[in-house]
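J.: Protein chains in written order, with the numbering used here: chain A, 1 to 450; chain B, 451 to 900.
(1) So which residues of chain B does residue 309(A) contact, with C-beta pairs closer than 7 Å?
(2) Out of curiosity, what's the CA-to-CA distance linking residue 400(A) and residue 388(A)?
(3) Give a yes or no on whether the minimum CB-CB distance between residue 417(B) and chain A is below 8 Å.
(4) Identify the contact partners of residue 808(B) in chain A, using a Cβ-Cβ distance below 8 Å as the criterion.
(5) From residue 506(B) to residue 181(A), what distance separates their C-alpha atoms?
(6) What does DSSP give as the partner residues of residue 499(B) in its beta bridges?
(7) Return helix, strand or coil for residue 642(B), following the three-state DSSP convention.
(8) What first and last residue would you give for the alpha helix (DSSP H) that runs through residue 260(A)?
(9) Between the Cα of residue 694(B) and the Cα atoms of 805(B), 559(B), 827(B), 589(B), which residue gives the shortest distance?
(10) Any idea if residue 735(B) is buried or exposed, counting beta-carbon neighbours within 10 angstroms, 16 or more meaning buried?
(11) Please report the distance separating the alpha-carbon of residue 64(A) from that of residue 228(A).
(12) Taking only runs that begin and end inside the segment 107–168 of chain A, name each unbroken alpha helix (DSSP H) of 4 or more residues, in chain order.
(13) Throw me the rounded Cβ distance for the residue 224(A) and residue 486(B) pair, which I believe falls under 8 Å.
(14) Taking the Cβ atom as the reference point for each residue, do residue 327(A) and residue 740(B) lie within a distance shorter than 8 Å?
(15) For the candidate residues 178(A), 183(A), 269(A), whose alpha-carbon lies nearest to that of residue 172(A)?
(16) Roughly how many whole angstroms lie between the Cα atoms of residue 105(A) and residue 127(A)?
(17) Tell me whether residue 652(B) sits in a helix, a strand or coil according to DSSP, three-state version.
(18) DSSP state of residue 647(B), grouped into three classes?
(19) Output the distance between the C-alpha atoms of residue 84(A) and residue 69(A), rounded to the nearest integer angstrom.
(20) Does the contact criterion of 3 or more C-beta pairs under 8 Å hold for the segment 794–814 of chain B versus the segment 858–877 of chain B?
(21) Does the beta-carbon of residue 482(B) have 16 or more other beta-carbons within 10 angstroms, so that it is buried, or is it exposed?
(22) Using beta-carbon positions only, say whether residue 855(B) and residue 813(B) come within less than 8 Å of one another.
(23) Return the bridge partner residues of residue 664(B) from the DSSP annotation.
(24) State the DSSP-derived secondary structure class of residue 323(A), mapped to helix, strand or coil.
(25) Helix or strand or just coil, what does DSSP make of residue 180(A)?
(26) Would residue 662(B) count as contacting chain A if we go by Cβ distances under 8 Å?
(27) Going by the CB atoms, is the gap between residue 101(A) and residue 114(A) shorter than 8 Å?
(28) Taking the alpha helix (DSSP H) that residue 487(A) falls in, what are its first and last residues?
(29) Chain B partners of residue 189(A), CB-CB under 9 Å?
(30) Kindly examine the ligand NAP and report whether one of its heavy atoms sits closer than 7 Å to the Cβ of residue 752(B).
(31) Using 8 Å as the Cβ pair cut-off and three pairs as the minimum, do the segment 594–614 of chain B and the segment 567–576 of chain B touch?
(32) With three or more C-beta pairs closer than 8 Å as the rule, is the segment 375–389 of chain A touching the segment 416–424 of chain A?
(33) Which of helix, strand or coil does DSSP assign to residue 464(A)?
(34) Where residue 261(A) and residue 710(B) are concerned, what is the direct C-alpha to C-alpha distance, given to the nearest angstrom?
(35) Is there a Cβ of chain B sitting closer than 8 Å to that of residue 366(A), yes or no?
(36) Residue 456(B): buried (16+ other C-beta within 10 angstroms of its C-beta) or exposed?
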């Protein structure tokens, strides 16, 4: 019985053993842990320490540890192995993980490793699918049942063929052309009488994915139908793979992280401890794009330099109008983008969503506009200043609602990920309109302000 | 064999049948769909249409459909049932879903329903745990095996006790005090010889959760160890429940959505089509908080009114320094918050993270600072203006790195969700420092600018 271990403590123990020159003891300790924990510790070590451990692990042990790593980490650790050793490790791994690892290597290197492998064919076939499709995340299907087998025959068949199959709880039933016709879960097998046929206990309602279905859609389907696994078929409806829910958990975390990072305008590949040479350009690109739009908004404000010279407090107040508009727009845009990502709305819902957001913008705009107006009036003692900032604040909140709905929708229609570029475009609108509305109105009514 | 249906088309068919006064046909069509799809269609209907369908469904059908709904939707649909009918439906449901539904009702109403139920005790016991703990998302454990049973005896036991158990693929083994001592998966049962004992085929490495473990931590553990289910024990290490991976998929989506909405500064309960009376306050709260900080930053800028009156272009340019600082801070803050949420870093890593982000801020600050400086110089023809904006831009990027790391860390230490309030605090820093640095430097060097 185990409580989950504290990874930090375990990692320090490994480090201590390595530093005191007991690498064999470090390996022994590491192998006493759950492979998921060993994998995490290894990936966090310096390259030298990794090498010392990796050379002491056999192919089976390495295969088990690789099975618990992210793709990039596998490739990093694999650098410590020569082609032949790596091929041996890959032969022990599940085909989908092996394909993922090879996909991270240089094509030439991957080809050399494949050539040395005994089990190259299934791995190479999995490598042929795009990374973010059902084909790219599926594993090879387990050996399948036939409908006229009895349960007793099926059990014998499983004992022959399932020793090496990975942890799978659904059994698939194929017809003579290898078309998928049904599914049996293991519980039904155990509860059935041994002389019943598979045909009698199988369910013919199988929800499947095609090899080219997008991985995010697969994740949504598995979650919607509460499935633990989903079969994958090719264009001829032949069973070619299976996706299990733990692959999908990774997809969901990855897609959420991607959306979060894109909304914050940085590369979706950002990692907290990535080296400077990767982190700097990852962040810099969007900062430079933003710089362009910042100068655009600044140019709008600069058009009113004369007004600002006469009433300099406008400079301080214009930032409130633009900033609050940006905040409201970010709220609208974020809920639109997340609802699109979760499949709760589609682009066809743009009009009702816009109507809804327009109403929210109107009510919140009246509230915030009134507060800003009263505060500015009390602060500077000018009721007209209060009226000007109120009206421009309300106007900018409505701009925020429009931009927050329409820009992600247009990007989605243009098949660009709305999370990617919406932020910078939306806040350009609210900045420019915020400065323009407020300073324009102030210029028009300048004789009330001086 | 089914491809997933198009929900939109199916919903229209139901609506057409209801409008043409064929509610029985609508029910018949609805029941021909997967319960997950029927559930989605019912939740999206108007209240009248829901009532027409619900009164035509029997307890079993309703139980199946409820099993696929979110909590809030269940409670809405349950309004169409009287206490007795609802109690009958709940008796047919899985205990965890029944507990979730009752948790959504008024306490008095829930008590009345419980009183009418036949299976009230297990449901009431599940209702006693906090919603976001392991106890709150777990289901009742299935009947458990004993270590000295043979496989043949275990199969007979399962045939007696597992007909009604939900789809479970791990079997748990208890000692005489009901302590959890091992786990057997169904595949191992099928592959074993019938005269082997459970003791021989069980695994004693069971990773468990305590009833009060946070649901997000449970989700991370299941994902880290690639488990399909996790047993839950009470303070005495007795098995009291089981959490399966499909519950966790919902938790992950929910937690990611929560973080995304909190980062965008709106209530985590926001929904795209929520009624105005809920949506307006959900958004307004954070807009008002932001308004306070916006006036703070505005006050910093207003301190330099005299400088702005003399060199009004400073007003246009100060927005760039503050805005770019805010963008950089949002990048840093977001990666820190997401890495904390995924368990990739803990608060103990604050110093190395800060060092890393400081370096990124320095390099990106030099790059952006130089670009801004050159652009301002070329635009306004003043090299000193370029130098002033360069230096203050660099300074504000370093402020951004510090605030972006330290504020989420401090909030986490104070046990406040960092996603909740970091944004507003961090951008207050970069706005105030941006205005202060730029206008302060310009005031100090004003004789170079006029």
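Using N, Cα and C, we set each Cβ at its ideal position, and we do this for glycine too.
Please read all numbers here as calculations on a predicted model, not as lab measurements.
T.: In brief:
(1) Against the first chain, residue 309(A) aligns to sequence position 309. Those are 759, 762, listed as they occur along chain B.
(2) As a first step, residue 400(A) is located in the first chain; it is residue number 400 there, counting from the start. As a first step, residue 388(A) is located in the first chain; it is residue number 388 there, counting from the start. In a straight line, the C-alpha of residue 400(A) is about 18 Å away from that of residue 388(A).
(3) In the structure as shown, chain B begins at 451 and stops at 900. Residue 417(B) is therefore absent and cannot be evaluated.
(4) Taking the second chain and counting its residues from 1, one reaches residue 808(B) at position 358. Ordered by position in chain A, no residue passes the 8 Å Cβ test against residue 808(B), which lies about 11 Å from the chain.
(5) Counting from 1 along the second chain, the entry for residue 506(B) is found at position 56. Counting from 1 along the first chain, the entry for residue 181(A) is found at position 181. Taking the straight line joining both Cα atoms gives about 33 Å.
(6) As a working mapping, residue 499(B) is identified with position 49 in the second chain. Note: residue 499(B) sits in no beta bridge, so no partner.
(7) The residue given as residue 642(B) occupies position 192 in the second chain. DSSP places residue 642(B) in coil when its eight states are reduced to three.
(8) The count along the first chain starts at 1 and reaches residue 260(A) at position 260. Counting along the chain, the alpha helix (DSSP H) containing residue 260(A) begins and ends at 245–263.
(9) Indexing the second chain from 1 puts residue 694(B) at position 244. Measuring from the Cα of residue 694(B), the nearest candidate turns out to be 589(B).
(10) For the purposes of this step, residue 735(B) is taken as residue 285 along the second chain, with counting starting at 1. Exposed, since its Cβ has fewer than 16 Cβ neighbours within 10 Å.
(11) Taking the first chain and counting its residues from 1, one reaches residue 64(A) at position 64. Taking the first chain and counting its residues from 1, one reaches residue 228(A) at position 228. Taking the straight line from one Cα to the other gives about 22 Å.
(12) Unbroken alpha helix (DSSP H) runs of no fewer than 4 residues, entirely contained in the segment 107–168 of chain A, are found at 107–116, 120–127, 134–137, 151–161, following chain order.
(13) Taking the first chain and counting its residues from 1, the one referred to as residue 224(A) is at position 224. Taking the second chain and counting its residues from 1, the one referred to as residue 486(B) is at position 36. With a Cβ gap of about 5 Å, residue 224(A) and residue 486(B) count as contacting.
(14) As a working note, residue 327(A) is residue 327 in the first chain. As a working note, residue 740(B) is residue 290 in the second chain. It is a contact, given that the beta carbons lie within the stated cut-off.
(15) Within the first chain, the letter at position 172 stands for residue 172(A). Of the candidates 178(A), 183(A), 269(A), the one whose C-alpha sits nearest the C-alpha of residue 172(A) is 183(A).
(16) Looking up residue 105(A) in the first chain gives position 105. Looking up residue 127(A) in the first chain gives position 127. If I take the Cα positions, the gap works out to 12 Å.
(17) By 1-based counting over the second chain, the position of residue 652(B) is 202. Three-state DSSP puts residue 652(B) in coil, outside helix and strand.
(18) Taking the second chain and counting its residues from 1, the one referred to as residue 647(B) is at position 197. It is a strand residue.
(19) The residue you call residue 84(A) lines up with position 84 of the first chain. The residue you call residue 69(A) lines up with position 69 of the first chain. Whole-angstrom Cα-Cα distance: 21 Å.
(20) yes
(21) Residue numbering aside, residue 482(B) sits at position 32 when the second chain is read from its first letter. So residue 482(B) counts as exposed.
(22) Here residue 855(B) refers to the residue found at position 405 of the second chain. Here residue 813(B) refers to the residue found at position 363 of the second chain. Taking 8 Å as the Cβ cut-off, residue 855(B) and residue 813(B) do not qualify as a contacting pair.
(23) Position 214 of the second chain holds residue 664(B). Its beta-bridge partners are 583(B).
(24) Here the question's residue 323(A) lines up with position 323 in the first chain. In this structure, residue 323(A) counts as helix in the three-state DSSP scheme.
(25) The residue given as residue 180(A) occupies position 180 in the first chain. Strand at residue 180(A).
(26) Here residue 662(B) refers to the residue found at position 212 of the second chain. Closer than 8 Å: no.
(27) Counting from 1 along the first chain, the entry for residue 114(A) is found at position 114. Counting from 1 along the first chain, the entry for residue 101(A) is found at position 101. No, the Cβ-Cβ distance between residue 114(A) and residue 101(A) is not below 8 Å.
(28) Because chain A spans 1 through 450 in this model, residue 487(A) falls outside it and cannot be assessed.
(29) Translated into positions along the first chain, residue 189(A) becomes position 189. Result: 636, 640.
(30) Absence of the ligand NAP from the depicted structure is noted, as is the absence of any ligand whatsoever, leaving it without description.
(31) no
(32) Taking a contact to require three or more Cβ pairs closer than 8 Å, the segment 416–424 of chain A and the segment 375–389 of chain A do not qualify as touching.
(33) Residue 464(A) cannot be examined here, being either before or after the span of chain A that is shown, 1 to 450.
(34) On the first chain, residue 261(A) is found 261 positions in, with the first residue counted as 1. On the second chain, residue 710(B) is found 260 positions in, with the first residue counted as 1. For residue 261(A) and residue 710(B), the distance between alpha carbons rounds to 10 Å.
(35) Counted from its first residue, the first chain places residue 366(A) at position 366. No, residue 366(A) lies away from the interface with chain B (no Cβ there is under 8 Å from its Cβ).
(36) Within the second chain, numbered from 1, the residue matching residue 456(B) stands at position 6. Exposed, because fewer than 16 other Cβ atoms sit within 10 Å of the Cβ of residue 456(B).
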